[in-house]
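For the sequence shown, the working numbering begins at 57 and goes up steadily by one.
In this text, a Cβ means the ideal position worked out from N, Cα and C, and glycines have one as well.
Beneath this line is the structure, given in structure tokens, with notes to follow.
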Amino acid sequence: MESRDPNRPCPPPVGGNYPSSGTGATPLLQHVLAPMIKESGPLSFSGFMELALYQEEFGYYTDPTRTRVGQTGDFATSVSVGATYGRLLALRIHQVWEAHGNPRVFPVLEPGPEDGSLALDILRAAREQDPAFHQALHYTACEPGTRKREALANRFAATGEPNLRVVAAPAEAKAEWGMVLANEVLDALPVHLVRWSGSSWQEMFVGLESEKLAWTIAPCSDSPLSLHLAKLPTDLPEGYTTEVCLELFPFLKELAATFEDTLLLLIDYGFERQEYYHPDRNEGTLQTYSRHQVGKDPLEAPGERDLSTHLDLTSVGEAAQAAGLTSLGSSRQESYLVHLASGLLQNLSSPEANREFLGQFQTLTHPAFFGSRFHFLEFAKGPVSSGLAFPGRI
């Protein structure tokens with residue numbers, strides 16, 4: 057786990073644009089963070105965020121008994137709106153399957169499957185749309201956390217779906233062709249926190265003060281981080297604080313290597329670089345989520361609440377290109393889903409189904425709800441996938 061050099065003097069605590077210290081003596085703080093910081097020195101925020109979200113025993117995302125999504129959880133997603141979202145995505149997967157010539161086996165990989173609901177919605181829709189398509193779908197959820205992976209395996213086994221499984225890493229799903237579906241995954245990749253001093257970038261670290269988490273700051277010395285910061289504007293106010301994600305390229309490279317010919321669909325919220333690093337966005341995009349309340353103290357109750365950032369969509373495109381992928385297009389959720397739904401809207405089976413579908417569809421596509429919040433980005437590799445038409449426009 058990344059941390060500061062323990063032989064380097066620890067700078068004094070600073071507040072930056074965040075609260076000066078974390079609160080809440082959580083198990084993660086007591087048993088993991090505090091001992092680690094005492095032994096090795098302050099953690100980069102990227103290292104802290106990785107532990108807060110993914111530490112096997114106490115991380116926010118690794119507890120299979122925690123309700124994170126939906127009305128009784130911490131936040132809502134397109135999946136939690138209802139089965140319509142999976143039904144629409146199944147239409148896109150069907151298009152990709154047809155482009156490959158309706159093969160008898162068509163793999164789909166979903167990293168970050170949460171509780172598996174999206175996988176089940178897609179497979180249920182596939183069965184209704186086209187039995188041959190459903191039979192061809194070999195759906196693999198990728199979950200590195202041991203406890204969560206076991207819970208998913210148990211849930212999947214109870215469904216009776218013969219071609220649904222969960223693995224620990226994308227490499228376990230390698231095949232000649234297939235599709236990757238990453239729904240709200242990139243926003244939870246660990247990020248570095250940096251602050252503009254007025255003349256240079258400084259990195260924010262997480263240390264301890266009186267047994268509480270506290271901020272420290274030091275000049276940026278990480279070479280990959282410094283290279284990325286060189287792309288950012290410098291006409292920024294002193295104290296401007298923002299995030300940099302260095303995990304995009306390795307993550308997308310791993311996903312791109314899963315299939316020889318692949319369509320990669322990324323769904324998340326974000327801004328292009330010019331807007332992301334606008335001088336007025338002087339506190340960045342990092343937020344916490346707990347019981348549907350948004351917070352601004354990322355050190356509060358580590359392991360007990362979600363940490364999330366918007367994406368620098370420009371960096372996503374650069375990382376995808378470096379990973380050998382070609383962009384097919386991007387659009388907001390509204391445009392993408394409306395395009396996919398054009399046939400369904402004319403062939404709803406009953407008034408009851410009509411009401412349910414349209415109610416969920418409105419939530420998914422209306423600009424006041426999810427329609428303008430999420431971006432759909434498609435990238436391709438290989439002759440078949442690269443020839444696909446993108447179902448939406450910016």
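message: Tell me which residue opens and which closes the beta strand (DSSP E) that Glu232 is part of.
response: Taken as a continuous stretch (DSSP letters only), the beta strand (DSSP E) holding Glu232 covers Ala231 to Asn239.
field: Opening and closing residue of the beta strand (DSSP E) in which Ser387 lies
entry: Going by DSSP, Ser387 is part of the beta strand (DSSP E) stretching over Thr382 to Arg388.
query: When burial is assigned at 16 or more other CB atoms within 10 Å of the CB, is His431 buried or exposed?
result: So His431 ends up on the buried side.
field: Of the listed residues Leu321, Thr297, Cys301 and Leu369, nearest to Pro335 (C-alpha basis)
entry: The closest CA to that of Pro335, considering only Leu321, Thr297, Cys301 and Leu369, is found on Thr297.
- prompt: Among Asp291, Leu292, Val300 and Lys268, which residue has its Cα nearest to the Cα of Leu283?
  reply: Out of Asp291, Leu292, Val300 and Lys268, the CA that lies nearest to the CA of Leu283 is found in Val300.
- request: Could you check which residue in Ala209, Ser256 and Leu193 has the C-alpha nearest to that of Pro200?
  value: Ranking Ala209, Ser256 and Leu193 by Cα distance to Pro200 puts Ala209 first.
field: Per-residue burial, Val88 [other beta carbons within 10 Å of its own, 16 or more giving buried]
entry: Result: buried.
query: Would you call Leu401 buried or exposed, if buried means 16 or more other Cβ atoms sit within 10 Å of its Cβ?
result: By the neighbour-count rule (16 or more Cβ atoms within 10 Å), Leu401 is not buried but exposed.
task: Inspect the beta-carbon positions of Thr121 and Gln111 and report whether they are closer than 9 Å.
output: Gln111 is positioned such that its CB atom lies no closer than 9 Å to that of Thr121.
query: Taking just the CA atoms, how far does Ala378 sit from Phe131?
result: The alpha-carbon atoms of Phe131 and Ala378 are separated by roughly 33 Å.
message: According to DSSP, is Pro62 part of a helix, a strand, or is it coil?
response: Since pLDDT at Pro62 reaches only 29, below the 50 mark, its modelled position is unreliable, and the value read off the structure follows with that caveat. Under the three-state reduction of DSSP output, Pro62 falls in the coil class, being neither helix nor strand.
query: Between Leu369 and Gly326, is the Cβ-Cβ spacing less than 9 Å?
result: It is a contact, given that the beta carbons lie within the stated cut-off.
- prompt: When the Cα atoms are used, what is the spatial distance from Val161 to Phe307?
  reply: Taking the CA atoms as reference points, Val161 sits about 25 Å from Phe307.
message: Tell me which residues share the same chain as Ala90 and place their Cβ nearer than 8 Å to its Cβ, disregarding the 5 neighbours each side in the sequence.
response: If we look at Ala90 and ignore the five residues flanking it on each side, its Cβ neighbours are Leu264 and Glu267.
- request: Return the residue from the list Gln343, Ala357 and Gly359 that minimises the CA-CA distance to His366.
  value: Comparing Cα-Cα distances from His366 to each of Gln343, Ala357 and Gly359, the minimum goes to Gln343.
message: Can you give me the C-alpha to C-alpha distance between His395 and Glu339, rounded to a whole angstrom?
response: Each residue's Cα considered, the two are about 35 Å apart.
query: Thr196 lies in the beta strand (DSSP E); which residues open and close that run?
result: Counting along the chain, the beta strand (DSSP E) containing Thr196 begins and ends at Leu193 to Cys198.
- request: Identify whether Ala181 lies in helix, strand or coil by the three-state DSSP scheme.
  value: Note: Ala181 maps to helix in three-state DSSP.
task: Could you tell me which of Gly295, Ala436, Glu328 and Pro447 sits nearest to Thr318, measuring between CA atoms?
output: Comparing alpha carbon positions, the residue from Gly295, Ala436, Glu328 and Pro447 closest to Thr318 is Ala436.
query: Excluding sequence positions up to five away, which residues of its chain have a Cβ less than 7 Å from the Cβ of Arg347?
result: Answer for Arg347: Asp130, listed in chain order.
task: Return yes when the Cβ of Val236 is within less than 9 Å of the Cβ of Thr314, no when it is not.
output: Cβ distance < 9 Å, so Thr314 and Val236 count as in contact.
query: If you compare alpha carbons, which of Leu249, Tyr195, Leu242 and Phe212 is closest to Ala231?
result: Ranked by Cα distance from Ala231, the options Leu249, Tyr195, Leu242 and Phe212 are led by Tyr195.
query: Where DSSP assigns a beta bridge to Thr123, which residues make up the other side?
result: In DSSP, Thr123 forms no bridge with anything.
message: What would DSSP say about His348, mapped onto helix, strand or coil?
response: Reduced to three states, the DSSP call for His348 is coil.
- prompt: With distances taken from CA atoms, which of Leu193, Leu242 and Asp171 is nearest Asp324?
  reply: The shortest C-alpha to C-alpha distance from Asp324 to any of Leu193, Leu242 and Asp171 is the one to Leu242.
query: Roughly how far, in whole angstroms, is the beta-carbon of Ala213 from the beta-carbon of Glu166, given that I think they are within contact range, below 8 Å?
result: About 17 Å separates the Cβ atoms of Ala213 and Glu166, ruling out a contact at the 8 Å cut-off.
Three-state secondary structure (DSSP) of Ala40: In the structure as shown, the chain begins at 57 and stops at 450. Residue 40 is therefore absent and cannot be evaluated.
message: Do His248 and Leu281 have their beta-carbon atoms positioned less than 9 Å apart in this structure?
response: Yes; because the gap between Cβ atoms is below 9 Å, this pair is in contact.
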